[in-house]
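Enquirer: Sequence order for the protein chains is A and B. Note that the first sequence covers residues 0 to 155 in numbering that gives the first Met the number 0. Note that the second sequence covers residues 0 to 155 in numbering that gives the first Met the number 0.
Protein chains: 2
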Amino acid sequence: MPLQAELKKQRPFESPEQEAALNVLRTSDWIENRIGRLLRDFGLTNSQYNVLRILRGAGGPLPSLEVADRMIRVVPAITGLIDRLEKQGLVSRRRCSEDRRVVYIEIAREGKKLLAKIDKPLAELHIGLLGHLSKSDQRQLSNLLERARQSKLYSE
Amino acid sequence: MPLQAELKKQRPFESPEQEAALNVLRTSDWIENRIGRLLRDFGLTNSQYNVLRILRGAGGPLPSLEVADRMIRVVPAITGLIDRLEKQGLVSRRRCSEDRRVVYIEIAREGKKLLAKIDKPLAELHIGLLGHLSKSDQRQLSNLLERARQSKLYSE
DNA sequence: CCAATAAGGTTTATATATAAATTATATGCA
DNA sequence: TGCATATAATTTATATATAAACCTTATTGG
Numbered sequence: 000m001p002l003q004a005e006l007k008k009q010r011p012f013e014s015p016e017q018e019a020a021l022n023v024l025r026t027s028d029w030i031e032n033r034i035g036r037l038l039r040d041f042g043l044t045n046s047q048y049n050v051l052r053i054l055r056g057a058g059g060p061l062p063s064l065e066v067a068d069r070m071i072r073v074v075p076a077i078t079g080l081i082d083r084l085e086k087q088g089l090v091s092r093r094r095c096s097e098d099r100r101v102v103y104i105e106i107a108r109e110g111k112k113l114l115a116k117i118d119k120p121l122a123e124l125h126i127g128l129l130g131h132l133s134k135s136d137q138r139q140l141s142n143l144l145e146r147a148r149q150s151k152l153y154s155e
Numbered sequence: 000m001p002l003q004a005e006l007k008k009q010r011p012f013e014s015p016e017q018e019a020a021l022n023v024l025r026t027s028d029w030i031e032n033r034i035g036r037l038l039r040d041f042g043l044t045n046s047q048y049n050v051l052r053i054l055r056g057a058g059g060p061l062p063s064l065e066v067a068d069r070m071i072r073v074v075p076a077i078t079g080l081i082d083r084l085e086k087q088g089l090v091s092r093r094r095c096s097e098d099r100r101v102v103y104i105e106i107a108r109e110g111k112k113l114l115a116k117i118d119k120p121l122a123e124l125h126i127g128l129l130g131h132l133s134k135s136d137q138r139q140l141s142n143l144l145e146r147a148r149q150s151k152l153y154s155e
């Protein structure tokens, strides 16, 4: 359904730029929601899952700020997030001895086991979400979004 | 930059579906962030702005649940949101006399004035965000996202 | 007419995003 | 050496998302 109808919007969009931006937001909300529902069955939130994925992908400990940096999120939130993951035994903290300001975060064995259980159902969900598009459409979508982020305003 | 590089991901994505989904999430985060920064200058959050837009677009009072429904968000959050907007004098609540369970929300004069001030800078921001894409690319992006939401799993 | 159920909202509890201020530690440079 | 500044993280405060429980008012089937 066109977005204008979906939102019961009475007037058309002011510009194709705005329409595209709102389409991105709407689609993202949907995807995030769906993934969140799946992760909930494993006791994780989206943010918690992201942290674990980043740590697993890194293959070793990472400073807190590096983790925050690889998420889109702003710094202070990372502290509480790690707190809760640590309390669940999914990650561990360790202070760096050379620079005592730095705190390294590492995924724990339990965390890796949990991720391993999630991998397959999540991959299937991704297919369920966007698998009705052709491979060519999927590539094109990724390509357009990557080019969208080449905007001068993309820097964060 | 390809998303794999942007995320410092060491392995390629498991599927083009997953890559596209993550591209949507990443781009959405960026857009939401930028719009949020602009709205902050006007003392509004994204959610508050969305409520005001919906109410202005409706042209008249709407039941709380209808507002919640037009946002992606889940119901209970709407109460606090409206609370804060009402405290700022941007909207008003009124209980329906026929069905006393229903609460109508209406945008206040102050709310309309505030939106009017935001309209132009926001339109300019949208151009700044995605204006480097050609019109054809913008249309194609919207089209692909609309088709993405035709997934069987899109229902909410 | 009344009990069961449904529907519209709110409250409560937990997790998060964000800004602003703070703490602890490092570094630069006179 | 010694203080100003920068950096890594945390704390604090406000706004939100979400689920679950609850309250109130309507509706409906006996």
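Beta carbons: idealized from backbone N, C-alpha and C, even for Gly.
Can you tell which of B:122, B:69, B:34, B:18 has the C-alpha that lies nearest to the C-alpha of residue 4 of chain A?
Expert: B:69
Enquirer: Can you check DSSP and say which residues form a bridge with residue 102 of chain B?
Expert: B:94
Enquirer: Where does residue 114 of chain B sit, in a helix, a strand or coil, going by DSSP?
Expert: helix
Enquirer: Could you have a look at residue 61 of chain B and say whether DSSP puts it in helix, strand or coil?
Expert: strand
Enquirer: Leaving out the 5 sequence neighbours to the left and right, which residues in its chain are closer than 7 Å to residue 129 of chain B when beta-carbon positions are compared?
Expert: 137
Enquirer: By the 10 Å Cβ neighbour count, where 16 or more other Cβ atoms means buried, how is residue 58 of chain A classified, buried or exposed?
Expert: exposed
Enquirer: Apart from the five residues on each side of it in sequence, which residues of its chain come closer than 8 Å, Cβ to Cβ, to residue 52 of chain A?
Expert: These residues qualify, in order along the chain: 114.
Enquirer: Is residue 85 of chain B helix, strand or coil by DSSP?
Expert: DSSP, read as helix, strand or coil, puts residue 85 of chain B in helix.
Enquirer: Beta-carbon within less than 6 Å of residue 1 of chain A's beta-carbon, same chain only, minus the 5 sequence neighbours each way: which residues are those?
Expert: none
Enquirer: Check residue 27 of chain A in the structure and name its three-state DSSP category.
Expert: helix
Enquirer: Residue 140 of chain A to residue 50 of chain B, Cα distance in whole Å?
Expert: 29 Å
Enquirer: Count the other C-beta atoms from every protein chain shown that fall within 10 angstroms of the C-beta of residue 47 of chain B, then say buried if there are 16 or more, exposed otherwise.
Expert: In this structure residue 47 of chain B is buried. Its beta-carbon is surrounded by 16 or more other beta-carbon atoms within 10 angstroms.
Enquirer: On the criterion of 16 or more Cβ atoms from any shown chain inside 10 Å, does residue 76 of chain B qualify as buried, or is it exposed?
Expert: exposed
Enquirer: For chain B, find out if any of its Cβ atoms is closer than 8 Å to the Cβ of residue 101 of chain A; answer yes or no.
Expert: Against chain B, the CB of residue 101 of chain A has no partner CB under 8 Å away; the residue lies outside that interface.
Enquirer: From the DSSP output, in three-state form, read off residue 119 of chain B for me.
Expert: helix
Enquirer: If we count the other Cβ atoms within 10 Å of its Cβ and call it buried at 16 or more, is residue 78 of chain B buried or exposed?
Expert: exposed
Enquirer: Looking at the C-beta of residue 111 of chain B, does it have a partner C-beta in chain A at a distance below 8 Å?
Expert: no
Enquirer: Less than 7 Å between C-beta atoms, sequence neighbours within five positions excluded: which residues of the same chain meet that for residue 41 of chain B?
Expert: Around residue 41 of chain B: 113, 116, 117.
Enquirer: Is the separation between the beta-carbon of residue 105 of chain B and that of residue 94 of chain B shorter than 8 Å?
Expert: No. Outside cutoff.
Enquirer: Measure the C-alpha to C-alpha separation of residue 28 of chain B and residue 82 of chain A and round it to an integer number of angstroms.
Expert: 24 Å
Enquirer: Can you tell me the Cβ-Cβ gap for residue 23 of chain A and residue 23 of chain B, rounded? I've got them flagged as a contact below 8 Å.
Expert: With 8 Å as the limit, residue 23 of chain A and residue 23 of chain B qualify as a contact, their Cβ atoms being about 6 Å apart.
Enquirer: According to DSSP, is residue 42 of chain B part of a helix, a strand, or is it coil?
Expert: coil
Enquirer: Measure the Cβ-Cβ separation of residue 147 of chain A and residue 26 of chain B and say whether it is below 8 Å.
Expert: yes
Enquirer: Run through chain A and tell me which residues come within less than 9 Å of residue 1 of chain B, C-beta to C-beta.
Expert: 141, 145
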